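S.K.: Take this structure first; my questions come after.
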Amino acid sequence: MKKYIYFLLIVSLGIISTGSVKILNLNVPDLIEVGTSDIELDCQYNYEEDEKVQLDIKWYFENDPSPFYQWVPGQMDRPQVIGDTFKDHLDLNHSVSDKDDFKRYRALLIKEPTVNLSGVYTCKVSSFLSEDVKQKEMIIYSPASSVIFEQDRSQNGHQVNITCHANGIFPQPQIKLTWGSYQFDDSNALVTLEDEGHYDIIVHRLVDHSDIPSKTTFGCILTIPGIDYEVREESVYYHRDGRK
């Protein structure tokens with residue numbers, strides 16, 4: 076009996092060690108602008124011939140433990156979408172140009188991507204014997220729908236109120252008011268997350284005429300950290316009191 080158990084253990088370990096599901100490449104765009112046409116996310120993998128009927132391909136979003144997309148080639152003619160987040164954004168008929176039927180529906184085609192689909196995408200390919208997992212972040216950014224920069228003389232006539240307001244932007248932006256090459260502290264900026272997932276941001280500053288020349292250039296710089304996106308607005312302000 077002891078010899079029989081030992082033999083089974085050796086055989087089992089040998090089978091497990093032969094598993095070789097391997098994700099070769101995870102093609103996920105780093106950055107796209109909202110309104111972009113359909114986007115393909117591709118999970119390229121290889122497997123051993125004896126694993127093909129066991130393959131299970133899943134896609135996950137962010138930290139959700141449940142997949143939003145699943146395809147089991149040996150059991151399903153078509154993949155399925157799980158949950159509500161992606162149900163209106165996935166083309167389940169999309170297939171890759173691959174002669175291998177067990178790789179045909181490995182990729183996602185996201186239709187009309189919106190900012191709420193920004194995040195980390197994880198592809199998991201598994202069989203009974205092995206599995207492989209890779210993940211990558213995709214940011215779907217939205218430029219500001221409007222940027223308004225204003226400078227208004229205060230009611231007492233001895234100050235100027237500089238204001239910059241941007242809305243409809245994603246991810247969370249930063250905004251700074253400028254005086255020539257000098258940038259004001261932006262710690263008092265008010266940021267609001269709207270229901271549709273975009274941000275509104277506004278910042279203002281009161282400046283005494285006594286602190287500035289009679290001709291002063293004020294400005295506003297709007298940026299999104301980590302993204303090559305910047306909007307600048309400038310305007311010249313005049314007053315008759317204070318510094319010359």
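According to our numbering, the sequence shown holds residues 76 to 319 in order.
Note that beta-carbon positions come from the ideal geometry of N, C-alpha and C, so glycine has one too.
Keep in mind that this is a model prediction, so the values were computed, not measured.
1) For a test of the three-state rule: what should DSSP assign to K186, helix, strand or coil?
2) So the candidates are Y216, E225, P300, V156; which of them puts its Cα closest to the Cα of I132?
3) What residue does the beta strand (DSSP E) around A241 start on, and which one ends it?
4) By how many angstroms is the C-alpha of E212 removed from the C-alpha of K78?
5) On a Cα-Cα basis, can you pick out the residue from V109, V311, T298 that is closest to S289?
6) Can you tell me which of L297, G232, D175, K127 puts its alpha carbon nearest to the alpha carbon of G243?
7) From E108 to S202, what distance separates their C-alpha atoms?
8) Verify whether the separation of the beta carbon atoms of Q249 and Y274 is less than 8 Å.
9) On the DSSP letters alone, give me the boundaries of the beta strand (DSSP E) that I98 sits inside.
10) Using 10 angstroms around the beta-carbon of P300, count the other beta-carbons present and answer buried if the total reaches 16, otherwise exposed.
11) Only counting the same chain, and skipping five residues up and downstream in sequence, which positions put a Cβ closer than 7 Å to that of V171?
12) For H240 and E305, what's the separation of their Cα atoms in angstroms?
13) According to the neighbour-count rule (16 or more other Cβ atoms, all chains shown, within 10 Å of its Cβ), is S262 buried or exposed?
14) Which of the three DSSP states is assigned to E271 in this structure?
15) Take S95 as the anchor and find which of P104, S256, L130, L184 has the nearest alpha-carbon.
16) Considering only the beta carbon of each residue, do I185 and I302 sit closer than 8 Å?
17) Classify S87 as helix, strand or coil using the three-state DSSP reduction.
18) Evaluate P148 with the Cβ neighbour count: other Cβ atoms within 10 Å of its Cβ, from every protein chain shown; 16 or more gives buried, anything less gives exposed.
19) Assign D105 to buried or exposed, taking buried as 16 or more other Cβ atoms, counted over all protein chains shown, within 10 Å of its Cβ.
M.R.: So, from the listed chains and residues:
1) coil
2) V156
3) 234 to 244
4) Its pLDDT being 41, under 50, K78 is placed unreliably by the model, and the measurement read from it follows with that caveat. One C-alpha to the other measures close to 51 Å.
5) V311
6) L297
7) 36 Å
8) no
9) 97 to 102
10) exposed
11) D117, K178, R179, R181, A182
12) 14 Å
13) exposed
14) coil
15) L130
16) no
17) Note that S87 has pLDDT 30, beneath the 50 cutoff, so the model's placement of it is unreliable and the number below is only indicative. Helix, per DSSP.
18) buried
19) exposed
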